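There are 2 protein chains.
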Amino acid sequence: MRDTDLATRRLRTWIRLLRLTRATENHLREYLRVKHGTTLPRFDVMAALHRVDGPMKMSDLSRQLLVSNGNATAVVERLEKEGLAQRAPGEGDRRVVLVELTDKGRAVFEAQAADHRAEVDRLFSMLEHEELDALRDILHRVEEASDGQNG
Amino acid sequence: MRDTDLATRRLRTWIRLLRLTRATENHLREYLRVKHGTTLPRFDVMAALHRVDGPMKMSDLSRQLLVSNGNATAVVERLEKEGLAQRAPGEGDRRVVLVELTDKGRAVFEAQAADHRAEVDRLFSMLEHEELDALRDILHRVEEASDGQNG
DNA sequence: GCTTGAAACTTTAAGCTTGAAATAAGTGCT
DNA sequence: AGCACTTATTTCAAGCTTAAAGTTTCAAGC
């Protein structure tokens, strides 16, 4: 394999990375569905909102999650309908919309997050500090390079 | 960071992996859209069909791509409508449907694939043999473990 | 103050995706 | 043959996602 040219190895590595990510997402989707009756996009949005622990601009939300503006609007709309999040107009800039979790949303998310964390720990239980170090270095290298190219 | 407990490190690593995958997919989606007027799901399906280079069962296709059956049906239907793929009933087992690329589909895909490969090569140009080796080992370890758990 | 342009969101249409239900066809048991 | 069970695929409803167009608001230059 080491005599295969770099372009081919990079392509194969990307495909394997993509497959691992999909398989893991499928597993977590199913887990969240049967255990908490929720979906991955909802969970992701709630995680971002919980993380900042306060009002967050819609645009920051979509930037954070790497999804389109319209997508953020749609998912937040559903969360709001279920009483898990709420939107309010921004104070200064009247174009801005601020989202945050409701108390109910926070409670619901924290229960989901605990199980989610445990499941991720289980799924990656074969990775110890050594592999995590190696992976951290590689991810760091990729992120650094693409920061240089884009933003 | 090394004094952070393993569960936390695994969760953070998963999140970073997910972000890298999403960023890369977003980039490739945009690339295929502007340069070839196609989408990632269509490209993925065509790649799978090109890979086997011959008739493929719908169920094998969805298994390969880690998507639902209904999804495979929908994407193939669109490819068929565009004359890029064609379906035919299986010979022996009459439940089976076999898909394959048309000549046009093969030609179209090969042009897309060449550019896609070059773009992936560019996106991961910071990874040399050394990092690819490390990543291969890690991915192998994860795949091995989940094979033991599931299928 | 007006205009021009940019920014923050929402809306819309089209496509993607899932999970479940529905069809249809094969397999095995009696 | 008849019956239950499994497998292969499609259909369907609901939700997710994007890109593009539309609305409202802000900022800068005149």
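As given, the protein sequences belong to chains A and B, one line each in that order.
Just so we're aligned: 144 in the working numbering is position 143 of the first sequence, and the numbers increase by one with no gaps anywhere.
Just so we're aligned: 8 in the working numbering is position 7 of the second sequence, and the numbers increase by one with no gaps anywhere.
The beta carbon of each residue, even a glycine, is placed where N, CA and C say it ideally should be.
Predicted model only: the values in this text are computed from it and were never measured.
Please tell me whether residue i has its Cβ less than 8 Å away from any Cβ of chain B.
i	result
E132(A)	yes
F125(A)	yes
L67(A)	yes
L62(A)	no
V97(A)	no
E20(A)	Inspection of the sequence shows that residue 20(A) is occupied by Arg rather than by Glu. Closer than 8 Å to some Cβ of chain B, the Cβ of R20(A) qualifies, so yes.
V143(A)	yes
T14(A)	yes
L128(A)	yes
A146(A)	yes
L136(A)	yes
L41(A)	no
R17(A)	yes
A115(A)	no
L140(A)	yes
In angstroms with no decimal places, state the Cα-to-Cα distance between residue i and residue j.
i	j	result
R34(B)	F125(B)	20 Å
H51(B)	Q65(B)	13 Å
N70(B)	M59(B)	8 Å
A89(B)	R96(B)	11 Å
A75(B)	V68(B)	11 Å
A115(A)	E144(A)	28 Å
T5(B)	A86(A)	31 Å
R30(A)	D61(A)	24 Å
G55(A)	V77(A)	15 Å
T14(B)	Y32(A)	19 Å
A8(A)	V53(B)	21 Å
A49(A)	D94(B)	49 Å
K36(A)	L12(A)	36 Å
R107(A)	R107(B)	50 Å
Between the Cα of residue i and the Cα atoms of the options, which residue gives the shortest distance?
i	options	result
H117(B)	W15(B), T39(B), T14(B) and R11(B)	T39(B)
P42(A)	G55(A), P56(A) and S63(A)	S63(A)
M47(B)	R142(B), G91(B), L80(B) and R11(B)	L80(B)
E92(B)	M57(B), V53(B) and L12(B)	M57(B)
R10(B)	D122(A), V143(A) and E145(A)	D122(A)
M127(B)	A119(A), R142(A) and R13(A)	R142(A)
K105(A)	A8(A), D94(A) and E83(A)	E83(A)
S147(B)	E120(A), Q87(A) and L67(A)	E120(A)
A73(B)	D94(B), D45(B) and V53(B)	D45(B)
Shorter than 8 Å from the beta carbon of residue i to some beta carbon of chain A?
i	result
L50(B)	no
Q122(B)	Before going on, a small fix: residue 122(B) reads as Asp here, not Gln. Yes, D122(B) lies at the interface with chain A (some Cβ there is under 8 Å from its Cβ).
R107(B)	no
A8(B)	yes
Output, in sequence order along the chain, the residues in the region 70-87 of chain A whose CB is closer than 9 Å to any CB in chain B.
-> Under the 9 Å Cβ criterion, the region 70-87 of chain A contributes no residue.
Any chance the region 130-149 of chain B sits against the region 136-144 of chain A, with 3 or more Cβ pairs inside 8 Å?
-> Contact holds between the region 130-149 of chain B and the region 136-144 of chain A, because three or more Cβ pairs, one in each stretch, are under 8 Å apart.
Please determine if the region 13-31 of chain B and the region 17-34 of chain A are in contact, where contact requires at least 3 C-beta pairs separated by less than 8 Å.
-> Because the criterion of three Cβ pairs below 8 Å is met, the region 13-31 of chain B and the region 17-34 of chain A touch.
Quick one, which residues of the region 25-37 of chain B are near chain A if we go by CB-CB under 8 Å, in chain order?
-> Listed by position, the residues of the region 25-37 of chain B near chain A (Cβ gap below 8 Å) are T25, E26 and N27.
Using 8 Å as the threshold, is the region 94-112 of chain A in touch with the region 91-106 of chain B, meaning 3 or more CB pairs across them?
-> At 8 Å Cβ cutoff, the stretches do not touch.
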